[in-house]
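*Asks:* Protein chains in written order, with the working numbering: chain A, 1 to 337; chain B, 1 to 337. Positions of the beta carbon are idealized from the N, C-alpha and C atoms, including for glycine. Let me give you the structure first, and then I'll get to my questions.
2 protein chains.
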Amino acid sequence: VHQFVRNLITEWRRLDLPFRAATVVIAVSGGADSVSLLLALSELRERKKLDHRFVAAHFNHGLRDGASDADEQFVRDLATKLNVELAVGKASSLSANPGNLEQNARRARYDFLRQTAANVGALAVVTGHTINDQAETVLMNLLRGSGPDGLAGMRPVRPLDLEEAETDLRGNPNTILVRPLLTWARRVDTEAYCHHLEVDYRYDTMNEDTAFKRVRIRKVLLPLLEDFNPRIVESLGNTATLMQNLTESADDRPRRTGNGGLPLADLRTASKNEVNDIIRQWLRECRGSTRQLQLKHIQAIERLVFSTKSGRTAELPGGTVTKRGGSLVYKENKVEN
Amino acid sequence: VHQFVRNLITEWRRLDLPFRAATVVIAVSGGADSVSLLLALSELRERKKLDHRFVAAHFNHGLRDGASDADEQFVRDLATKLNVELAVGKASSLSANPGNLEQNARRARYDFLRQTAANVGALAVVTGHTINDQAETVLMNLLRGSGPDGLAGMRPVRPLDLEEAETDLRGNPNTILVRPLLTWARRVDTEAYCHHLEVDYRYDTMNEDTAFKRVRIRKVLLPLLEDFNPRIVESLGNTATLMQNLTESADDRPRRTGNGGLPLADLRTASKNEVNDIIRQWLRECRGSTRQLQLKHIQAIERLVFSTKSGRTAELPGGTVTKRGGSLVYKENKVEN
Numbered sequence: 001v002h003q004f005v006r007n008l009i010t011e012w013r014r015l016d017l018p019f020r021a022a023t024v025v026i027a028v029s030g031g032a033d034s035v036s037l038l039l040a041l042s043e044l045r046e047r048k049k050l051d052h053r054f055v056a057a058h059f060n061h062g063l064r065d066g067a068s069d070a071d072e073q074f075v076r077d078l079a080t081k082l083n084v085e086l087a088v089g090k091a092s093s094l095s096a097n098p099g100n101l102e103q104n105a106r107r108a109r110y111d112f113l114r115q116t117a118a119n120v121g122a123l124a125v126v127t128g129h130t131i132n133d134q135a136e137t138v139l140m141n142l143l144r145g146s147g148p149d150g151l152a153g154m155r156p157v158r159p160l161d162l163e164e165a166e167t168d169l170r171g172n173p174n175t176i177l178v179r180p181l182l183t184w185a186r187r188v189d190t191e192a193y194c195h196h197l198e199v200d201y202r203y204d205t206m207n208e209d210t211a212f213k214r215v216r217i218r219k220v221l222l223p224l225l226e227d228f229n230p231r232i233v234e235s236l237g238n239t240a241t242l243m244q245n246l247t248e249s250a251d252d253r254p255r256r257t258g259n260g261g262l263p264l265a266d267l268r269t270a271s272k273n274e275v276n277d278i279i280r281q282w283l284r285e286c287r288g289s290t291r292q293l294q295l296k297h298i299q300a301i302e303r304l305v306f307s308t309k310s311g312r313t314a315e316l317p318g319g320t321v322t323k324r325g326g327s328l329v330y331k332e333n334k335v336e337n
Numbered sequence: 001v002h003q004f005v006r007n008l009i010t011e012w013r014r015l016d017l018p019f020r021a022a023t024v025v026i027a028v029s030g031g032a033d034s035v036s037l038l039l040a041l042s043e044l045r046e047r048k049k050l051d052h053r054f055v056a057a058h059f060n061h062g063l064r065d066g067a068s069d070a071d072e073q074f075v076r077d078l079a080t081k082l083n084v085e086l087a088v089g090k091a092s093s094l095s096a097n098p099g100n101l102e103q104n105a106r107r108a109r110y111d112f113l114r115q116t117a118a119n120v121g122a123l124a125v126v127t128g129h130t131i132n133d134q135a136e137t138v139l140m141n142l143l144r145g146s147g148p149d150g151l152a153g154m155r156p157v158r159p160l161d162l163e164e165a166e167t168d169l170r171g172n173p174n175t176i177l178v179r180p181l182l183t184w185a186r187r188v189d190t191e192a193y194c195h196h197l198e199v200d201y202r203y204d205t206m207n208e209d210t211a212f213k214r215v216r217i218r219k220v221l222l223p224l225l226e227d228f229n230p231r232i233v234e235s236l237g238n239t240a241t242l243m244q245n246l247t248e249s250a251d252d253r254p255r256r257t258g259n260g261g262l263p264l265a266d267l268r269t270a271s272k273n274e275v276n277d278i279i280r281q282w283l284r285e286c287r288g289s290t291r292q293l294q295l296k297h298i299q300a301i302e303r304l305v306f307s308t309k310s311g312r313t314a315e316l317p318g319g320t321v322t323k324r325g326g327s328l329v330y331k332e333n334k335v336e337n
C-alpha cells in the first residue's frame, strides 16, 4: 500500500471518523489535491478499509471558457472509471455578482457542497486541502494582523455550517467538513501519488495568477521563507495545530470579558464617558491595540448598546462587533480557503 | 510636549508603573532606540512627571575595535549632559566563549544589567525595544516553527530573572524588566525624537550585517511583507499582544495534560508500549505533530521517567523536556532580543 494511502487512513483514525455505513461527499475540482484524495479513498474502499457511500461533487465555476468544461469532463470520466457517484453543479449568476471574485466563487462552491450534502444525507464533506493550503492560510491571516483565531488556520474537522455562514441554505446541522490531508500531505505528495497511479490531473491557471494574494504568497513569499527554514510549510502547519489546541482549551474555560463578550448591562449603567472608556479598553483587549479606531467606530458601537434592535453589527478595521445574547461580541476578520 | 514623550507617559501609566521614589536602570547602547528612551525619561523627570533615581547602564561588548569604545564615550558624554548617573560594564571573556556570538553577547549584557540592578537596588530595568524589535522577534519565532509562546514575542513587563535564566547571578527577585516603547514606538519614531532634540545617536554596523538572521528579517523579509500590508510591523506587534492576552488567560485555568505537564506517575504504572504511546501523544499535543521525533528522543524521555536523578532534561528538535515537580514539562525553543 502506498505511503499516501497509509497516511490517509491513519489520519482518518486519528480524527475519529467512522469506517463504514456513512455517506461521504468528496469535493473534487480536478486538481492534484482533490484527485489524490478521491483516488486514495477509492483505494481504501477497494481494500475494504472503508465501506462508505462516496459521492464526488464537482462545481463548474464557468470562469474560464472551455477550461472549466474540460475540468468537468475530466472529473466525470474519472468518477466513471472509479465507479463513484458524481454530482455536478454550475455557477449561475457569478457575473451578476460583483465584488471579490475569489470570495464569490468560494461561496458558490460551498453552497453547492452544502446542497449536495443535504441531498444525499451526508455525514461528512471531505476536501483535499493540504498542509501547503494551511501554511498559506496562516500567512494570509498573519499579514492581515490576525490574532489567535486566524493563526489557527483551518481545522481538520469542523461543522459544515458555521454560525457565521453567509448563506441561508442549511442542511443537516450535524454534517461535518473534513480535511483529511490538511495536517500531513504536501502538495508534492498529492502529485506524486497521482503519478504513481498514472492518473492525470488538471491545472488551474488561476493558481498562477499573481493578481491573487494567495498566489503571491505561494510563489513569492513562501520561497523566501524557505531560505530561512526549508521546512517552513510543515512549521506553519504545526503552528496552526498548536494554536488550535490552545484556543480550544481556552474555549473550555469561563470566558473573560476581554476575549469574550462585553455585557450590555455594564454599559447601560455607566456614564457617557465611562462607556467610551469601557468600550476602548475592551477593544484593546480584543484587538491588541486601539490603533485605527476612530470616533465613528466607537459611536457605532454605542448605537448598538443603546438601540432597541437586536442582532445589529458594527464594522471596525479588522473585525466586527455584534450584539448577541445581552453582550457585545468581537470577531476578527480572517480567511479560510 | 513632543508626542513621543506623551506616548511614553501614557504607556507608563497603562503598565501600572510607579511615578516616584523608585530606582530605575535604563539600558543605553547608544543607538536611537535607547537614546530616545533616555532623553524622554529625562524630559519627564525635568517636567516633574516622574521623580525617580535614574541610572543609565551601558555595556561595552568590546566587539568592534574602536567603535565600541566610541559608543561608550558617547553614552558617557550624554549621561553627563543629562545629569544621569551611569554604570559601565565591559565584556571580559567573550573571545574565550565560543558558540553563538549574538547569544553570548546578549547573555553578557543581561548579566551586567542584573548586576547593576542589584547594585543600585533597582525596581526596574527599562530597555528601548521598539515595535520593530517585536515584529522581528515574532517573525523569528514563526520561522522556527514556534507555537503560541513564541508568537507572543516579548512582553512589555516581565520579571528580570526568568525561571529559565541561563545564569546563577540573581538579584532582587522582584526586579522587573520593562520595555515601555515595545507596543507603540517604531524605530523611525525614536530617530525622529532624537532629531527633534538635535541629539545624535550611534549606528551599530552589526545591524547591517546580513550574516545575522535578525538583520535578514529586517532588511529582506519585512520589506517584502510591507508589499502585502504597509502596516505589517504594527500588525505583528498587535498579534504578539493578542497572543499574550490569550496565553495569560490560558495560564489562569487549570493546566491540561497536553499543554502542561505529564505526570510521571501515569508513566511509571504503564506498560512499556503504553509509555511510548503516552509520550508520543503528549508530545503531539505540545508540539502539534510528532514529525522530526526519532526513537532516540523518546528513549531519552523514557530515561528521564525511570532515572532517579531529578532536574534532568532531554533535548528534542524545537524544544526540551524537563523533569520537574513530579511531571515532565515541555518547553519550546524561542528567541527574545
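Taking one C-beta from the region 222-236 of chain B and one from the region 126-145 of chain B each time, how about it: are there three or more such pairs within less than 8 angstroms?
*Replies:* Verdict: yes, contact present.
*Asks:* Quick check for students: name the residue ranges of the alpha helix (DSSP H) that lie wholly in the region 134-221 of chain A, counting only runs of 4 or more.
*Replies:* Listed in chain order, they are 148-151, 187-196 and 213-216.
*Asks:* In terms of alpha-carbon separation, which member of A/LEU17, A/GLU11 and A/ASP33 lies closest to A/ARG187?
*Replies:* A/ARG187 has its Cα closest to that of A/ASP33, out of A/LEU17, A/GLU11 and A/ASP33.
*Asks:* Looking only at its chain, what residues have a beta carbon closer than 6 angstroms to the beta carbon of A/VAL150, apart from the 5 residues adjacent to it on each side?
*Replies:* The amino acid at residue 150 of chain A is misidentified as Val; the sequence shows Gly. Within the same chain, A/GLY150 has close Cβ partners ASN141 and LYS334.
*Asks:* Per DSSP, what kind of secondary structure is B/VAL321 in: helix, strand or coil?
*Replies:* Strand at B/VAL321.
*Asks:* Using Cβ-Cβ distances below 9 angstroms, what residues of the region 232-245 of chain B are close to chain A?
*Replies:* Correct list: ILE232, GLU234, SER235, LEU236, GLY237, ASN238, THR239, ALA240, THR241, LEU242, MET243, GLN244 and ASN245.
*Asks:* Beta-carbon of B/ASN276 versus every beta-carbon of chain A: anything under 8 angstroms?
*Replies:* Judged by the 8 angstroms Cβ criterion, B/ASN276 is not in contact with chain A.
*Asks:* Starting from the beta carbon of B/LYS213, find every residue of chain A whose beta carbon is closer than 9 angstroms, and list them in chain order.
*Replies:* Per Cβ cutoff of 9 angstroms: PHE228.
*Asks:* Select from B/TRP184, B/ASP51, B/PHE19 and B/ASP200 the residue whose C-alpha is nearest the C-alpha of B/LYS81.
*Replies:* Looking at the Cα atoms, B/ASP200 is the closest of the given residues.
*Asks:* Quick check for students: name the residue ranges of the alpha helix (DSSP H) that lie wholly in the region 223-303 of chain A, counting only runs of 4 or more.
*Replies:* The region 223-303 of chain A contains these whole alpha helix (DSSP H) runs: 232-252, 264-268 and 272-287.
*Asks:* For B/GLN294, is the classification buried or exposed, using 16 other Cβ atoms within 10 angstroms of its Cβ as the cut-off for buried?
*Replies:* Its Cβ having fewer than 16 others within 10 Å, B/GLN294 is exposed.
*Asks:* Around the Cβ of B/GLN244, are there at least 16 other Cβ atoms within 10 angstroms (buried) or fewer (exposed)?
*Replies:* Classification for B/GLN244: buried.
*Asks:* Grab me the residues of A/PRO317's own chain with a C-beta within less than 8 angstroms of its C-beta, minus the 5 sequence neighbours each way, in chain order.
*Replies:* Closer than 8 angstroms at the Cβ level, and outside the excluded window around A/PRO317, lie GLN292, LEU293 and HIS297.
*Asks:* Evaluate contact between the region 117-128 of chain A and the region 260-277 of chain A, counting only Cβ atoms and requiring at least three cross-stretch pairs below 8 angstroms.
*Replies:* No, the region 117-128 of chain A is not in contact with the region 260-277 of chain A.
*Asks:* Distance check for A/GLN281 and A/GLU274, CA to CA, integer angstroms please.
*Replies:* About 10 angstroms.
*Asks:* By the criterion of Cβ-Cβ separation under 8 angstroms, what are the contact partners of A/SER146 in chain B?
*Replies:* Here the neighbours are THR239.
*Asks:* Taking a Cβ distance cut-off of 9 angstroms, strictly less, list which residues of the region 312-336 of chain B are near chain A, in chain order.
*Replies:* Against chain A - using a Cβ distance shorter than 9 angstroms - the residues of the region 312-336 of chain B are GLY318 and GLU332.
*Asks:* Are A/GLU336 and A/TRP184 closer than 8 angstroms when you measure CB to CB?
*Replies:* No.
*Asks:* Rounded to whole angstroms, what's the CA-CA distance from A/LEU15 to A/ASN207? Just pull it up for me.
*Replies:* Using only the alpha carbons, I get a separation of about 29 angstroms.
*Asks:* On the DSSP letters alone, give me the boundaries of the alpha helix (DSSP H) that A/THR80 sits inside.
*Replies:* Element bounds for A/THR80: 67-82.
*Asks:* Who does A/ASN60 pair with in a DSSP beta bridge?
*Replies:* Its beta-bridge partners are A/LYS90.
*Asks:* Taking the alpha carbon of B/THR239 as the reference point, which residue from B/SER271, B/VAL138 and B/LYS219 has its own alpha carbon closest?
*Replies:* It is B/VAL138.
*Asks:* Cutting at 8 angstroms between CB atoms, please list the residues of its own chain near B/VAL215, excluding the five before and the five after it.
*Replies:* Excluding sequence neighbours, B/VAL215 sits near MET206, ASN207, GLU208 and ASP209.
*Asks:* Assuming contact is defined by CB atoms lying nearer than 8 angstroms, are B/THR23 and B/ALA152 in contact in what I supplied?
*Replies:* Taking 8 angstroms as the Cβ cut-off, B/THR23 and B/ALA152 do not qualify as a contacting pair.
*Asks:* May I ask you to report which of helix, strand or coil DSSP gives B/GLU336?
*Replies:* If DSSP states are grouped into helix, strand and coil, B/GLU336 belongs with coil.
*Asks:* Let me know the secondary structure DSSP gives B/ASP16 once reduced to three states.
*Replies:* In the structure shown, B/ASP16 sits in coil (DSSP, three-state: anything other than H, G, I, E or B).
*Asks:* Along chain A, which residues have their Cβ under 7 angstroms away from the Cβ of B/GLU285?
*Replies:* In chain order: ASN245.
*Asks:* When burial is assigned at 16 or more other CB atoms within 10 Å of the CB, is B/ASN60 buried or exposed?
*Replies:* With 16 or more Cβ atoms within 10 Å of its Cβ, B/ASN60 is classed as buried.
*Asks:* Please report how far the alpha carbon of A/CYS286 lies from the alpha carbon of B/ALA108, in whole angstroms.
*Replies:* Approximately 37 angstroms, taken between the alpha carbons.
*Asks:* Determine the burial state of A/GLY319: buried for a count of at least 16 other Cβ atoms within 10 Å of its Cβ, exposed for fewer.
*Replies:* With 16 or more other Cβ atoms within 10 Å, it is buried.
*Asks:* Could you have a look at B/LEU316 and say whether DSSP puts it in helix, strand or coil?
*Replies:* Looking at B/LEU316 - three-state DSSP - the assignment turns out to be strand.
*Asks:* Considering Cα atoms alone, identify which of A/ASN172, A/ASP161 and A/LEU78 is closest to A/LEU39.
*Replies:* Among A/ASN172, A/ASP161 and A/LEU78, the Cα nearest to that of A/LEU39 belongs to A/LEU78.
*Asks:* May I ask which residues mark the beginning and end of the alpha helix (DSSP H) holding B/VAL28?
*Replies:* Segment: none, B/VAL28 is in no alpha helix (DSSP H) and carries neither H nor E.
*Asks:* If B/ALA211 sits next to B/LEU113, beta carbons under 8 angstroms apart, how far is it from one beta carbon to the other, in whole angstroms?
*Replies:* Incorrect: roughly 26 angstroms between the Cβ atoms, too far for contact.
*Asks:* Would you list the residues sitting across from B/ALA124 in a DSSP beta bridge?
*Replies:* Answer by DSSP bridge pairing, in chain order: B/VAL24 and B/ILE176.
*Asks:* What is the DSSP secondary structure of B/LEU50, counted as helix, strand or coil?
*Replies:* The answer is coil: DSSP assigns B/LEU50 none of H, G, I, E or B.
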